[in-house]
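Here's the structure, in structure tokens; my notes come after.
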Amino acid sequence: MEGRRCAGPPVFRVSLTAAMRRQAVPYLFLAPYLAVFAAFWAWPIVQSFLLTFQNTRVIPPRWQPGLNWGRLLNDAVFLSALKNTFFILLVQVPIMLALATMLALALNSTMLRARGLFRFAFFAPVVVGEVAYSALFRLIFNGKFGAVNGALGALGLPTPDWLQRPGTAMAVVIIAITWRWTGYNAIIILAGLQNIPQDLYEAAAVDGVPRWRQHLSITLPLLRPVVLFALVLSIIGTMQLFAEPWLITLGGPGNATETLGTYLYRQGFTSTNFGYASTVAYAMALMAATFSAVQIVFFGRQR
Amino acid sequence: MRRQILRAGAILIAGLGLGLAGAQAAPKGEITVWSWNIAAEALDMLVPDFNKKYPDVKVNVLNMGNGDVYTKTLAGCAAGGTDLPDVVTIENSEAEIQWARFPDCFVNLKEFGVEKYVDKFPAFKWTELMAGDGIFSLPWDSGPTMIFYRRDLYEKAGVDPAAINTWDDFINAGKKILAATNGEVKMVTIDMNEDGWFRALANQESCSYFTNDGEAVAINQPGCVVALEMIKKMIDAGIVANGDWGGQIQNIKTNSVASAYFGGWYEGTIRSNAPEQSGKWGMYPPPAVEPGGVRAANWGGSSLAITSSSKNKEAAWAYIEYALATDEGQISMLRNRGLVPSLLSAVSTDYAKSPMEYWGGQPVWTDMLATQGNIPPYRGTQYFDEVRGTIVNKTISDFMNGNYKTAKEALDFAASQIVSATGVPIAQ
Numbered sequence: 003m004e005g006r007r008c009a010g011p012p013v014f015r016v017s018l019t020a021a022m023r024r025q026a027v028p029y030l031f032l033a034p035y036l037a038v039f040a041a042f043w044a045w046p047i048v049q050s051f052l053l054t055f056q057n058t059r060v061i062p063p064r065w066q067p068g069l070n071w072g073r074l075l076n077d078a079v080f081l082s083a084l085k086n087t088f089f090i091l092l093v094q095v096p097i098m099l100a101l102a103t104m105l106a107l108a109l110n111s112t113m114l115r116a117r118g119l120f121r122f123a124f125f126a127p128v129v130v131g132e133v134a135y136s137a138l139f140r141l142i143f144n145g146k147f148g149a150v151n152g153a154l155g156a157l158g159l160p161t162p163d164w165l166q167r168p169g170t171a172m173a174v175v176i177i178a179i180t181w182r183w184t185g186y187n188a189i190i191i192l193a194g195l196q197n198i199p200q201d202l203y204e205a206a207a208v209d210g211v212p213r214w215r216q217h218l219s220i221t222l223p224l225l226r227p228v229v230l231f232a233l234v235l236s237i238i239g240t241m242q243l244f245a246e247p248w249l250i251t252l253g254g255p256g257n258a259t260e261t262l263g264t265y266l267y268r269q270g271f272t273s274t275n276f277g278y279a280s281t282v283a284y285a286m287a288l289m290a291a292t293f294s295a296v297q298i299v300f301f302g303r304q305r
Numbered sequence: 019m020r021r022q023i024l025r026a027g028a029i030l031i032a033g034l035g036l037g038l039a040g041a042q043a044a045p046k047g048e049i050t051v052w053s054w055n056i057a058a059e060a061l062d063m064l065v066p067d068f069n070k071k072y073p074d075v076k077v078n079v080l081n082m083g084n085g086d087v088y089t090k091t092l093a094g095c096a097a098g099g100t101d102l103p104d105v106v107t108i109e110n111s112e113a114e115i116q117w118a119r120f121p122d123c124f125v126n127l128k129e130f131g132v133e134k135y136v137d138k139f140p141a142f143k144w145t146e147l148m149a150g151d152g153i154f155s156l157p158w159d160s161g162p163t164m165i166f167y168r169r170d171l172y173e174k175a176g177v178d179p180a181a182i183n184t185w186d187d188f189i190n191a192g193k194k195i196l197a198a199t200n201g202e203v204k205m206v207t208i209d210m211n212e213d214g215w216f217r218a219l220a221n222q223e224s225c226s227y228f229t230n231d232g233e234a235v236a237i238n239q240p241g242c243v244v245a246l247e248m249i250k251k252m253i254d255a256g257i258v259a260n261g262d263w264g265g266q267i268q269n270i271k272t273n274s275v276a277s278a279y280f281g282g283w284y285e286g287t288i289r290s291n292a293p294e295q296s297g298k299w300g301m302y303p304p305p306a307v308e309p310g311g312v313r314a315a316n317w318g319g320s321s322l323a324i325t326s327s328s329k330n331k332e333a334a335w336a337y338i339e340y341a342l343a344t345d346e347g348q349i350s351m352l353r354n355r356g357l358v359p360s361l362l363s364a365v366s367t368d369y370a371k372s373p374m375e376y377w378g379g380q381p382v383w384t385d386m387l388a389t390q391g392n393i394p395p396y397r398g399t400q401y402f403d404e405v406r407g408t409i410v411n412k413t414i415s416d417f418m419n420g421n422y423k424t425a426k427e428a429l430d431f432a433a434s435q436i437v438s439a440t441g442v443p444i445a446q
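Protein chains in written order, with my numbering: chain E, 3 to 305; chain Y, 19 to 446.
So, in structure tokens, the structure goes:
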């Protein structure tokens with residue numbers, strides 16, 4: 003093979019030494035991927051960054067560096083989308099991770115029968131398509147015909163018009179996301195639980211450490227890296243939250259469940275303001291990156 | 019100067035040539051039309067009659083969601099005309115963004131001599147369909163607003179609809195109806211998370227988000243302030259039920275409201291959802307905001323445009339001309355699906371004048387279309403969707419929830435937000 007190549011056209015022999023050619027081989031194998039990466043990842047990332055400095059509502063787009071970034075901080079709807087996103091971040095993510103941890107402990111328990119079935123059952127929501135389950139949540143929380151109000155009414159409890167009031171609409175979105183992602187996080191944490199060496203517990207048991215103390219001093223500290231991983235994933239996911247608020251409440255009523263994701267979509271695809279949509283996207287990405295960095299610095303030290 | 023005249027002459031000659039070519043060859047081929055719900059159905063039902071005149075044109079109407087047509091058209095234009103059909107339905111208020119962002123995406127209908135139809139439609143229908151010196155879309159239906167009311171419930175409370183001249187009268191009538199039904203029947207349903215009522219009442223007072231030249235923000239002008247105050251007044255009087263589109267239909271079905279307020283196209287919605295209430299309904303024009311004020315407003319309405327990427331522009335024009343610029347086409351869609359023609363001559367056809375059984379024998383189309391000439395023109399501008407979807411709906415919902423002391427304060431804030439979103443200055 004090598005010999006045949008050396009017999010190739012003289013131009014090649016002059017321009018490429020054998021060592022260079024050998025170095026080039028892996029890049030040739032990578033080339034298809036790199037081409038796709040450049041066209042569909044790198045270029046859009048650069049291009050949308052450039053868009054943030056342009057007024058894209060005129061033809062041709064005009065270079066106005068302060069326009070979009072200046073608007074961002076003064077934009078009441080962006081700020082309320084930011085507030086809503088943070089609200090979900092601060093309320094939904096901790097609740098979900100606490101539930102997921104408890105669920106993981108329960109699923110890991112040796113006393114539980116049919117563990118495989120339960121694990122599948124709690125993981126199943128992730129398999130359901132976002133559109134389908136959002137439509138179902140819309141229906142079961144319908145103020146007049148929904149199953150939830152049917153049940154509440156039968157118990158003689160108040161039946162709020164869930165999707166028409168700001169607070170309850172937000173509650174529905176949070177319930178929906180929690181339903182979908184708790185099992186997923188529980189499976190991640192469960193994997194972490196199973197990585198904790200059994201001999202630690204055995205040693206503790208020999209020393210007469212009670213179960214609850216084993217839990218506090220062995221399980222939770224050793225779970226920290228996995229929970230941190232789940233936390234980072236959840237935070238990034240929440241920062242980009244789109245499907246549920248868009249499909250269940252359409253960001254409404256008013257802007258009560260508008261998130262950064264739905265606002266970005268609105269600006270990009272119903273107002274065709276690509277410059278401003280890119281600015282919102284970069285703001286989201288910056289925040290997500292900052293969060294992740296902070297978490298890793300503060301909570302990820304031991305690893 | 020001389021060169022300009024020469025150029026104008028050349029364009030004129032080219033235009034004449036095109037016109038002649040169009041007149042000579044009968045169009046043929048296949049065209050695809052994007053539309054939504056009842057509008058798409060009405061367009062589809064029109065095809066057999068159209069084919070009697072143009073047997074060689076095959077028309078495919080695709081029934082998609084309203085939002086899908088809008089976003090897919092924008093996306094197709096952004097992609098340089100890829101995968102667009104020959105004809106798209108465009109809502110008037112959402113029209114300008116298309117011409118502003120993608121001026122090359124649509125055919126300037128002057129190519130087909132659309133000028134001859136300009137005075138066949140009311141002026142307000144054209145405002146958003148023209149840009150620069152182009153006309154990009156042909157007016158279809160319009161939405162002259164009417165109060166749809168239950169004759170039996172009004173009568174029971176001793177309310178005479180003919181005596182309701184202002185929205186204040188409307189509020190008083192609502193209180194009477196509440197009293198006569200032990201509070202079980204409200205006067206009307208309002209979707210408090212949507213700007214529909216606000217735009218309609220502001221339209222009566224010749225106020226809109228922007229001035230009609232689109233050069234300034236007008237949302238905090240007195241006409242808009244009065245409109246928002248009036249809606250709050252109705253809500254505070256306790257005569258209003260809150261409800262979205264589906265909730266409103268539910269209220270009608272369960273006899274829990276005595277009226278509804280929408281564009282005329284809501285006729286078909288009431289008629290098809292509550293056939294058992296036939297004969298119990300009537301209509302009257304919207305009450306004035308202030309005594310002696312305008313009693314006409316527009317809510318909704320669409321148009322048809324031809325895409326530049328169409329391979330069969332002649333056939334597409336033949337179809338939209340037949341559908342929208344002939345009495346035959348417009349009346350067919352009115353009869354089949356209750357779409358209110360904006361073509362002025364359609365108003366005087368026999369069908370439009372005839373009494374309607376469902377509406378207690380009232381000739382509702384005549385009554386409705388009579389208001390059409392009084393509707394103050396207004397413009398959506400290219401910022402319409404952005405301004406409505408984010409800023410205005412939020413302001414209304416915040417104001418109704420008591421987050422602002424006065425309507426003026428709420429709308430001043432909305433105006434400042436619109437300025438920062440669009441760069442358009444506030445009107446003086």
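Don't be surprised by glycine CBs; every beta carbon is placed ideally from N, CA and C.
Please read all numbers here as calculations on a predicted model, not as lab measurements.
What residue range is occupied by the uninterrupted alpha helix (DSSP H) comprising isoleucine 115(Y)? Against the second sequence, residue 115(Y) aligns to sequence position 97. It spans 114-119 - the alpha helix (DSSP H) in which isoleucine 115(Y) sits, taken as one unbroken run.
Where does the unbroken beta strand (DSSP E) through leucine 80(Y) begin, and where does it stop? Working through the second sequence from its first residue, we reach residue 80(Y) at position 62. Unbroken beta strand (DSSP E) run through leucine 80(Y): 75-82.
Label leucine 159(E) either buried or exposed according to how many other C-beta atoms from any shown protein chain fall within 10 Å of its C-beta, with 16 as the threshold for buried. The count along the first sequence starts at 1 and reaches residue 159(E) at position 157. Result: exposed.
Taking 8 Å as the CB-CB limit, is glutamine 196(E) close to chain Y? The residue given as residue 196(E) occupies position 194 in the first sequence. No, because no Cβ of chain Y sits closer than 8 Å to the Cβ of glutamine 196(E).
How big is the Cα-Cα spacing for aspartate 10(Y) and threonine 272(Y)? What the structure shows of chain Y is the stretch from 19 to 446, and residue 10(Y) is not part of that stretch, so it cannot be assessed.
For proline 305(Y) versus tryptophan 215(Y), is the C-beta spacing smaller than 8 Å? Counting from one through the second sequence, the residue named residue 305(Y) turns up at place 287. Counting from one through the second sequence, the residue named residue 215(Y) turns up at place 197. Not a contact, by the Cβ cut-off of 8 Å.
Buried or exposed (CB count within 10 angstroms, at least 16 for buried), alanine 26(Y): Within the second sequence, numbered from 1, the residue matching residue 26(Y) stands at position 8. Reliability of the predicted coordinates at alanine 26(Y) is poor, the pLDDT of 48 falling under 50, and no value is obtained from them.
Three-way DSSP call (helix, strand, coil) for aspartate 159(Y) in this model: Locating residue 159(Y) in the second sequence gives position 141, where the first residue counts as 1. Residue state, collapsed to three classes: strand.
To be precise: take each residue of the region 99-124 of chain Y, compare its Cβ to all Cβ atoms of chain E, and keep it if any distance is under 8 Å. Which residues remain? Residues passing the 8 Å Cβ filter: Ile115, Ala118, Arg119 and Pro121.
Excluding the 5 residues preceding and the 5 following phenylalanine 125(E) in the sequence, name in chain order all residues of the same chain whose CB lies nearer than 6 Å to its CB. Translated into positions along the first sequence, residue 125(E) becomes position 123. So the qualifying residues of the chain are Gly185 and Ile189.
Grouping DSSP H, G and I as helix and E and B as strand, with all else coil, what is arginine 140(E)? Stepping through the first sequence from its first residue, residue 140(E) is reached at position 138. Looking at arginine 140(E) - three-state DSSP - the assignment turns out to be helix.
Looking at chain E, which residues of the region 256-267 of chain Y have a Cβ within less than 9 Å of any of its Cβ atoms? Under the 9 Å Cβ criterion, the region 256-267 of chain Y contributes Asn260, Gly261, Asp262, Gly264 and Gly265.
In chain order, what are the residue ranges of uninterrupted alpha helix (DSSP H) at least 4 long that sit wholly in the region 230-302 of chain Y? Counting whole runs of 4 or more residues, the region 230-302 of chain Y contains the alpha helix (DSSP H) stretches 240-254, 263-271 and 284-291.
Would you call the CB atoms of glycine 297(Y) and methionine 386(Y) closer than 8 Å? As a first step, residue 297(Y) must be located in the second sequence, where it is residue number 279. As a first step, residue 386(Y) must be located in the second sequence, where it is residue number 368. Going by C-beta atoms, glycine 297(Y) is not nearer than 8 Å to methionine 386(Y).
Would you mind listing the alpha helix (DSSP H) stretches within the region 47-128 of chain E that are 4+ residues and don't spill past its ends, in chain order? For the region 47-128 of chain E, whole alpha helix (DSSP H) runs of length 4 or above, ordered along the chain, are 67-76 and 78-110.
Using only alpha-carbon positions, find the residue among Asp159(Y), Lys71(Y), Ala220(Y) and Tyr72(Y) that is nearest to tyrosine 396(Y). On the second sequence, position 378 is the one that residue 396(Y) refers to. Cα-wise, what sits closest to tyrosine 396(Y) is Ala220(Y).
Hey, does aspartate 430(Y) have any beta-carbon neighbour from chain E nearer than 8 Å? For the purposes of this step, residue 430(Y) is taken as the residue at position 412 of the second sequence. Chain E contact via Cβ: absent.
For lysine 329(Y), which of helix, strand or coil comes out of DSSP? Mapped onto the second sequence, residue 329(Y) falls at position 311. DSSP places lysine 329(Y) in coil when its eight states are reduced to three.
Of all Cβ atoms in chain Y, is any one closer than 8 Å to the Cβ of valine 79(E)? Numbered from its first residue, the first sequence carries residue 79(E) at position 77. Yes, because at least one Cβ of chain Y sits closer than 8 Å to the Cβ of valine 79(E).
Alpha carbon of lysine 193(Y) to alpha carbon of valine 235(Y), nearest angstrom: Walking along the second sequence from the start, residue 193(Y) turns up at place 175. Walking along the second sequence from the start, residue 235(Y) turns up at place 217. Looking at the two C-alpha atoms, the distance is approximately 36 Å.
Any idea if glycine 277(E) is buried or exposed, counting beta-carbon neighbours within 10 angstroms, 16 or more meaning buried? Position 275 of the first sequence holds residue 277(E). Looking at its Cβ environment, which holds 16 or more other Cβ atoms inside 10 Å, glycine 277(E) is buried.
Can you list, in chain order, the residues of its chain whose CB lies under 6 Å from that of threonine 103(E), leaving out five sequence neighbours each side? Mapped onto the first sequence, residue 103(E) falls at position 101. So the list reads Ile191, once near-sequence residues are dropped.
In three-state DSSP terms, what is valine 51(Y)? Taking the second sequence and counting its residues from 1, the one referred to as residue 51(Y) is at position 33. Residue state for valine 51(Y) is assigned as strand, using DSSP reduced to three classes.
Considering leucine 429(Y), what are the terminal residues of the alpha helix (DSSP H) in which it resides? Numbered from its first residue, the second sequence carries residue 429(Y) at position 411. Here the alpha helix (DSSP H) through leucine 429(Y) covers 425-440.
Where the region 144-164 of chain Y meets chain E: residues whose CB sits under 7 Å from a CB there: For the region 144-164 of chain Y, which is checked against every Cβ of chain E, not one residue is closer than 7 Å.
Where do the N-terminal and C-terminal ends of the alpha helix (DSSP H) with glutamate 129(Y) fall, by residue? As a working mapping, residue 129(Y) is identified with position 111 in the second sequence. Element bounds for glutamate 129(Y): n/a, residue is neither H nor E.
Would you please verify whether the beta carbon of phenylalanine 271(E) is less than 8 Å from any beta carbon of chain Y? On the first sequence, residue 271(E) is found 269 positions in, with the first residue counted as 1. Interface residue, yes.
Check whether the Cβ of alanine 28(Y) lies closer than 8 Å to any Cβ atom in chain E. Locating residue 28(Y) in the second sequence gives position 10, counting from the first residue. Its pLDDT being 47, under 50, alanine 28(Y) is placed unreliably by the model, and the measurement read from it follows with that caveat. For alanine 28(Y), the answer is no, since every Cβ of chain E falls outside 8 Å of its Cβ.
Name the chain Y residues that come within less than 8 Å of asparagine 275(E), Cβ to Cβ? One-based indexing of the first sequence puts residue 275(E) at position 273. One finds Glu404 in chain Y with Cβ atoms closer than 8 Å to the Cβ of asparagine 275(E), taken in chain order.
Which residue or residues does DSSP assign as beta-bridge partners of tyrosine 167(Y)? To locate residue 167(Y), count along the second sequence from 1; it is residue 149. The partner list for tyrosine 167(Y) (beta bridge, DSSP) reads Ser277(Y) and Gly300(Y).
Find the residues of chain Y that neighbour proline 255(E), judging by a C-beta separation of less than 7 Å, and give them in chain order. Within the first sequence, the letter at position 253 stands for residue 255(E). The contacting residues are Asn211 and Ser415.
Going by the DSSP bridge assignment, what does methionine 148(Y) pair with across the sheet? As a first step, residue 148(Y) is located in the second sequence; it is residue number 130 there, counting from the start. As computed with DSSP, methionine 148(Y) is found in a beta bridge with Ile153(Y).
Chain-order list of residues whose beta-carbon lies under 6 Å from that of leucine 91(E) (same chain, five-residue window excluded): What you label residue 91(E) is simply residue 89 of the first sequence in a count that begins at 1. Excluding sequence neighbours, leucine 91(E) sits near Thr240.
Less than 8 Å between CB atoms is the rule here; does alanine 425(Y) satisfy it with respect to chain E? Position 407 of the second sequence, counted from the start, is the residue given in the question as residue 425(Y). Using a Cβ-Cβ cut-off of 8 Å, alanine 425(Y) does not count as an interface residue toward chain E, since no Cβ of chain E sits closer than that to its own.
Helix, strand or coil at phenylalanine 300(E) [DSSP, three-state]: Taking the first residue of the first sequence as position 1, residue 300(E) is located at position 298. Secondary structure of phenylalanine 300(E) (DSSP, three-state): helix.
I'd like to know if methionine 286(E) contacts chain Y, where contact means its C-beta is closer than 8 Å to some C-beta of that chain. To locate residue 286(E), count along the first sequence from 1; it is residue 284. False, the Cβ-Cβ gap to chain Y never drops below 8 Å.
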